[in-house]
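Residue numbers (the working numbering): 439 to 1064.
One structure is given below, encoded as structure tokens.
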Ligand code: ADP
């Protein structure tokens, strides 16, 4: 029989599983049961639309069998089953990602990260088993097949005998090692305990033969062992239980199983609405970005149940894009079971549910911001970009809804702050919300323009993400306070006298600036400024497009070569000002060279690249050797 190789990434994952130092090995059972439950869901769902499939809900179940002598655990379901091809694609490759590359390290942290990122599912069987067999018969198919693998060397698939439809997974449990007592997994009590812990809510019975010790009939001290089938789980979906009867840990562990996440969620939200449309929702904000979040493959949406029966895995109509990171489910008895995707889009009930869910998520986030700020900041660091896109998209149609959820780094608080917090701290004379944009907080902090505004005692918001300035522009104002880029020329921090004095100086030197401008045609204007404290030059902008926005826009695929309208400002109080004046009097060609160097300086400070670095370096050499 031919042994087939696993896809490279699957092999890496398998290796990790087989040699896992991950201590929580018992989760293998949770993963396999959850797969079995999905398979039962699928079969039941198929039967609703396919009259040839005859399924009675009460017949659907999951069986577990332990065989101590053979050292096996068998998990069997009578769900949809898999065809030969499905066995191959589902179990031979990692379904979730074709592009994730594993790090070449076996450090514990990464081991766990990888287990977490993938929610490894089926492969977790190899944490406890040296060999795994999957015998499956797909519904409506003639033949059954057996997939078998002893780990990383590969797997085989062959025809098999199986009368009933569904899937049977046989785990050949490893021998005890120094670190792990695998024998435990062959104990009834252990399996009972694990099922109760992770899979209690599974809506299908999980049945196992359990040994009961009873007094022998007619005897007072003689016992006999009786085997009895027992349903190990309570089968009540966790979201149908009263909130007071469910611990936070149970909600979290449900999340981890259901949404294949190794990490606990950052926030759990439970909703039970009675009224016009009744529904229950269990929502989670993950504590990290899903690994495929920024890919086309990521689908937002909540699971949709109609009275406990899954009708859709990812109902995207239930979440606005900006809350697309929220995971969870909604269950309503007011929805029809046979609802189709097209119908859903127009479904009034669904729209009502979606609106109320959106409101709830927002109010929970605001509440978190107020009461557990650190927790909120963590969430914002993970999903803030998404919220900002929410403000920006569709010309700001949702901006009022989201403006209190976004945060920026503050120059005075040295941490993330909200716009509302900024405004509450504004000085009486302060008219604008000041901000500065750049690549990093450190780089912004070094901008000459920033120093000037900071020096006057104002708080500045540091915008480090590409989207940030566009967000500010879409917002336009916050609580009637406009925004002002410290690099724009309308910052307006000087007194009337200072302004007039500067204007006079600029007027007096306008011929000199005209000569300089001949050398640098890209700038709109050259002039003196008194906004710079110690620095000689800076680049400021006029109009809607800032230098940072120019960078962002031009890095986009369909860039239109948009230019910010820039002004070269020279510190009037810096020795360079006098120097320029004296060169203007003696050597106009030399002045042009100075102008070029100063302009290049200003561009470099802004993080812009020079059109002609060679000329710049030659000029510097020429000037210092003079
Ligand atoms: P996931 O469940 O996250 O998709 P798994 O590795 O656990 O990943 O399983 C891969 C796929 O194999 C599943 O998506 C499913 O299609 C299939 N599968 C696993 N177990 C079963 C089962 N008991 N019955 C039918 N299909 C199954």
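Ideal Cβ positions, reconstructed from N, Cα and C, are used throughout, including at glycine.
Backbone secondary structure at residue 1002 - three-state DSSP: Your numbering for residue 1002 matches position 564 in the chain shown. Correct three-state label for residue 1002: coil.
- prompt: Is it buried or exposed for residue 922, if we count other Cβ within 10 angstroms and need 16 for buried?
  reply: As a working note, residue 922 is residue 484 in the chain shown. That one is buried.
message: Taking its Cβ as the centre, do 16 or more other Cβ atoms sit within 10 Å of residue 875, making it buried, or is it exposed?
response: The sequence position of residue 875 within the chain shown is 437, counting from 1. Buried, since its Cβ has 16 or more Cβ neighbours within 10 Å.
query: Buried or exposed: residue 887, going by 16 or more other Cβ atoms within 10 Å of its Cβ?
result: Here residue 887 is taken as the residue at index 449 of the chain shown, counted from 1. Residue 887 is buried by the Cβ-count criterion.
query: If you scan the segment 726 to 779 from start to end, which runs of the beta strand (DSSP E) of 3 or more residues do you find wholly inside it?
result: 740 to 744, 747 to 753, 765 to 769
task: Please classify residue 863: does DSSP put it in a helix, a strand, or coil?
output: Residue mapping note: residue 863 aligns to position 425 of the chain shown, counting from 1. Residue 863 falls in the helix class under three-state DSSP.
message: Nearer than 7 Å: is that true of the beta carbon of residue 469 relative to any heavy atom of ligand 1?
response: On the chain shown, residue 469 is found 31 positions in, with the first residue counted as 1. For residue 469, the shortest separation between its Cβ and any heavy atom of ligand 1 lies below 7 Å.
task: Please list, in chain order, all residues of the same chain as residue 772 whose beta carbon is under 8 Å from its beta carbon, the five residues on each side excluded.
output: Residue 772 sits at position 334 when you count from the first residue of the chain shown. Annotation for residue 772: 715, 716, 717, 787 place their beta carbon closer than 8 Å to its own, counting only its chain and skipping 5 residues before and after.
query: From 832, 933, 951, pick the residue whose C-alpha is nearest to that of residue 912; which is it?
result: Here residue 912 is taken as the residue at index 474 of the chain shown, counted from 1. Comparing alpha carbon positions, the residue from 832, 933, 951 closest to residue 912 is 832.
message: Whole angstroms are fine: how far does the CA of residue 559 sit from the CA of residue 547?
response: Against the chain shown, residue 547 aligns to sequence position 109. Against the chain shown, residue 559 aligns to sequence position 121. Reliability fails at residue 547, whose pLDDT of 45 lies under 50, so the model's placement of it is uncertain and the value that follows must be treated cautiously. Going by the C-alpha atoms only, they are around 19 Å apart.
query: Under the criterion of a Cβ to heavy atom distance below 7 Å, does residue 454 qualify as lining ligand 1?
result: On the chain shown, residue 454 is found 16 positions in, with the first residue counted as 1. Residue 454: no, Cβ never under 7 Å from ligand 1.
message: For residue 626, tell me which candidate among 806, 601, 668 has the shortest Cα-Cα distance.
response: Taking the first residue of the chain shown as 1, we reach residue 626 at position 188. If we check each option's Cα against that of residue 626, 668 comes out closest.
task: Classify residue 1064 as buried or exposed, calling it buried when 16 or more other Cβ atoms lie within 10 Å of its own Cβ.
output: In the chain shown, the residue the question calls residue 1064 occupies position 626. By the neighbour-count rule (16 or more Cβ atoms within 10 Å), residue 1064 is not buried but exposed.
- request: Using three-state DSSP, classify residue 790 as helix, strand or coil.
  value: The residue you call residue 790 lines up with position 352 of the chain shown. Helix.
task: Kindly provide the ranges of any beta strand (DSSP E) runs that are 3 or more residues long and lie completely inside the segment 555 to 598, ordered along the chain.
output: 567 to 575, 582 to 587, 593 to 598
message: By alpha-carbon positions, which one of 823, 768, 585, 1052 ends up nearest to residue 796?
response: Position 358 of the chain shown, counted from the first residue, corresponds to residue 796. For the residues 823, 768, 585, 1052, the minimum Cα distance to residue 796 belongs to 768.
message: Please classify residue 582 as buried or exposed, where buried requires at least 16 neighbouring CB atoms within 10 angstroms.
response: Along the chain shown, read from residue 1 onward, the residue named residue 582 stands at position 144. Buried, since its Cβ has 16 or more Cβ neighbours within 10 Å.
Residue 1116 to residue 891 span [Cα, whole Å]: There is simply no residue 1116 to check, as the chain begins at 439 and stops at 1064 in what is shown.
query: Using a threshold of 7 Å, is the CB atom of residue 515 nearer than that to any non-hydrogen atom of ligand 1?
result: As a first step, residue 515 must be located in the chain shown, where it is residue number 77. At least one heavy atom of ligand 1 is nearer than 7 Å to the Cβ of residue 515, so yes.
message: Residues in the same chain with beta-carbon distance under 8 Å from residue 804, minus the five sequence neighbours each way, listed in chain order, please.
response: For the purposes of this step, residue 804 is identified with residue 366 of the chain shown, where counting begins at 1. Taken in chain order, the residues that qualify are 842, 843.
Runs of beta strand (DSSP E) wholly within the segment 660 to 719 (minimum 3 residues, chain order): 661 to 669, 705 to 711
message: Please report the distance separating the alpha-carbon of residue 473 from that of residue 513.
response: The residue labelled residue 473 in the question sits at position 35 within the chain shown. The residue labelled residue 513 in the question sits at position 75 within the chain shown. The alpha-carbon atoms of residue 473 and residue 513 are separated by roughly 10 Å.
task: Starting from the C-beta of residue 518, find all residues in its chain whose C-beta is less than 6 Å away, skip the five residues before and the five after it, and write them out in chain order.
output: On the chain shown, residue 518 is found 80 positions in, with the first residue counted as 1. Closer than 6 Å at Cβ, skipping near neighbours: 477, 480, 481, 577.
- request: Would you kindly check if the distance between the Cβ of residue 924 and the Cβ of residue 872 is under 8 Å?
  value: Position 434 of the chain shown, counted from the first residue, corresponds to residue 872. Position 486 of the chain shown, counted from the first residue, corresponds to residue 924. Yes, these two residues count as a Cβ contact at 8 Å.
message: Taking its Cβ as the centre, do 16 or more other Cβ atoms sit within 10 Å of residue 490, making it buried, or is it exposed?
response: Here the question's residue 490 lines up with position 52 in the chain shown. With fewer than 16 Cβ atoms within 10 Å of its Cβ, residue 490 is classed as exposed.
message: For residue 921, list the residues DSSP reports as bridge partners.
response: Counting from 1 along the chain shown, the entry for residue 921 is found at position 483. Residue 921 has 871 as its beta-bridge partners, per DSSP.
- request: Rank 1003, 889, 1016, 563 by C-alpha distance to the C-alpha of residue 926 and give the top, closest one.
  value: Position 488 of the chain shown, counted from the start, is the residue given in the question as residue 926. Nearest in C-alpha terms to residue 926, of all of 1003, 889, 1016, 563, is 1003.
message: Contact defined as beta carbons within less than 8 Å: I believe residue 853 pairs with residue 903. What is the distance between those atoms, to the nearest angstrom?
response: Residue numbering aside, residue 853 sits at position 415 when the chain shown is read from its first letter. Residue numbering aside, residue 903 sits at position 465 when the chain shown is read from its first letter. The C-beta distance from residue 853 to residue 903 rounds to 16 Å, too long to meet the 8 Å contact threshold.
query: Between which two residues does the alpha helix (DSSP H) containing residue 890 stretch?
result: Locating residue 890 in the chain shown gives position 452, counting from the first residue. Its alpha helix (DSSP H) spans residues 886 to 893.
- request: Determine the extent of the beta strand (DSSP E) in which residue 515 is found, giving its start and end residues.
  value: In the chain shown, the residue the question calls residue 515 occupies position 77. Residues 510 to 515.
- request: Sort out for me which residues DSSP pairs residue 646 with in a bridge.
  value: In the chain shown, counting from the first residue as 1, residue 646 sits at position 208. In DSSP, residue 646 forms a bridge with 502, 668.
field: residue 426: first and last residue of the uninterrupted beta strand (DSSP E) it sits in
entry: As shown, the chain starts at 439 and ends at 1064. That puts residue 426 outside it, with no answer to give.
field: Through-space distance from residue 802 to residue 707, alpha-carbon basis
entry: The sequence position of residue 707 within the chain shown is 269, counting from 1. The sequence position of residue 802 within the chain shown is 364, counting from 1. If you take the alpha carbons of residue 707 and residue 802, they lie about 8 Å apart.
query: Are there three or more Cβ pairs, one per stretch, closer than 8 Å when the segment 625 to 640 is compared with the segment 585 to 602?
result: Fewer than three Cβ pairs drawn from the segment 625 to 640 and the segment 585 to 602 lie within less than 8 Å of each other, which leaves the two stretches out of contact.
Alpha-carbon spacing of residue 647 relative to residue 822, whole angstroms: The count along the chain shown starts at 1 and reaches residue 647 at position 209. The count along the chain shown starts at 1 and reaches residue 822 at position 384. Going by the C-alpha atoms only, they are around 50 Å apart.
task: Return the chain-ordered list of same chain residues with a C-beta closer than 6 Å to the C-beta of residue 650, the five sequence neighbours on each side being excluded.
output: Taking the chain shown and counting its residues from 1, one reaches residue 650 at position 212. Around residue 650: 664, 666.
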